[in-house]
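Taking the numbering used here, the leading residue of the sequence shown gets 100, the next gets one more, and so forth.
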Amino acid sequence: MSISHLSLVNQKLAYASALVALLNTSNYAPESGSRLQQQALGDAAVFHMATALHFYLRELADHHHIKNLSAIHSIQDLAAVLQQADRASSESSELLSLVQAKDTWLNQLTLYYNQLSRSPEKPKEKKAFVHENLIELVELTDAEELPSLHLTPELLTEWLDSFRALIIRQRETSAEY
Numbered sequence: 100m101s102i103s104h105l106s107l108v109n110q111k112l113a114y115a116s117a118l119v120a121l122l123n124t125s126n127y128a129p130e131s132g133s134r135l136q137q138q139a140l141g142d143a144a145v146f147h148m149a150t151a152l153h154f155y156l157r158e159l160a161d162h163h164h165i166k167n168l169s170a171i172h173s174i175q176d177l178a179a180v181l182q183q184a185d186r187a188s189s190e191s192s193e194l195l196s197l198v199q200a201k202d203t204w205l206n207q208l209t210l211y212y213n214q215l216s217r218s219p220e221k222p223k224e225k226k227a228f229v230h231e232n233l234i235e236l237v238e239l240t241d242a243e244e245l246p247s248l249h250l251t252p253e254l255l256t257e258w259l260d261s262f263r264a265l266i267i268r269q270r271e272t273s274a275e276y
């Protein structure tokens, strides 16, 4: 018997929940020597939530009888595939609006996850002709505004609870149709 996407979503959410519970019991104190362990637990919880999202997108596509599930890697991919198949999905529309709206749990989760997997940028080379008496200009428009989220057990719990509530609500709604 094959494992369904629904089972994988539930499994990854359970893993994230276990990690957040472990983080909550590790006497969270940013100044303590266990900061490395706390960061590792937090990042691992984010990884499992992002993986749950990945499988949830495929669960939604499967529900709408989309054939090529392996082509879906993002919410935008899901929306495009559903549009090509001429299928409307309130679930994907809600996910798309959540990920695009600033300061939502899904936007923060995906931004943080993307930061985890981003390679460091090369420093820009300085020009050879620098005048000693001049102040060097720095181009501010080139600098990307990356959110500096500080993971806390409370923030992770909020993301996890919001994600679970969304999935439960969307599954109940889709079961009615």
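Beta carbons are placed, not taken as given, at the ideal position from N, Cα and C, and that holds for glycine.
Quick caveat, the model's predicted, so the values are computed rather than measured.
For my contact list, residue i and residue j are in at a C-beta cut-off of 8 angstroms; report their separation, rounded to the angstrom.
i	j	result
residue 197	residue 188	So it is not a contact: roughly 14 angstroms between Cβ atoms.
residue 144	residue 112	Between residue 112 and residue 144 the Cβ distance is about 10 angstroms, and since that is not below 8 angstroms, they are no contact.
residue 147	residue 114	4 angstroms
residue 233	residue 149	Wrong, their Cβ atoms sit about 45 angstroms apart, outside the cutoff.
residue 151	residue 108	5 angstroms
residue 248	residue 211	5 angstroms
residue 159	residue 133	Not a contact, Cβ separation roughly 38 angstroms.
residue 165	residue 184	6 angstroms
Reducing DSSP to helix, strand and coil, say where residue i ends up.
i	result
residue 123	helix
residue 157	helix
residue 248	coil
residue 167	coil
residue 111	helix
residue 191	helix
residue 102	coil
residue 272	helix
residue 216	coil
residue 234	coil
residue 142	helix
residue 134	helix
residue 203	coil
residue 196	helix
residue 184	coil
residue 172	coil
Report all residues from its chain with a CB closer than 6 angstroms to the CB of residue i; omit the five preceding and five following residues, and keep chain order.
i	result
residue 88	Outside the displayed range of the chain (100 to 276) lies residue 88, so it cannot be described from this structure.
residue 186	163
residue 250	141
residue 155	108
residue 267	none
Return the chain-ordered list of same chain residues with a C-beta closer than 8 angstroms to the C-beta of residue i, the five sequence neighbours on each side being excluded.
i	result
residue 122	137, 140, 141, 144, 252, 255
residue 215	142, 145, 146
residue 200	206
With a threshold of 7 angstroms on Cβ separation, who are the neighbours of residue i within its own chain once the five nearest residues in sequence on each side are excluded?
i	result
residue 269	190
residue 168	157, 160, 161
query = So, do the region 198 to 211 and the region 252 to 263 have three or more beta carbon pairs nearer to each other than 8 angstroms?
reply = Result yes; three or more Cβ-Cβ pairs closer than 8 angstroms.
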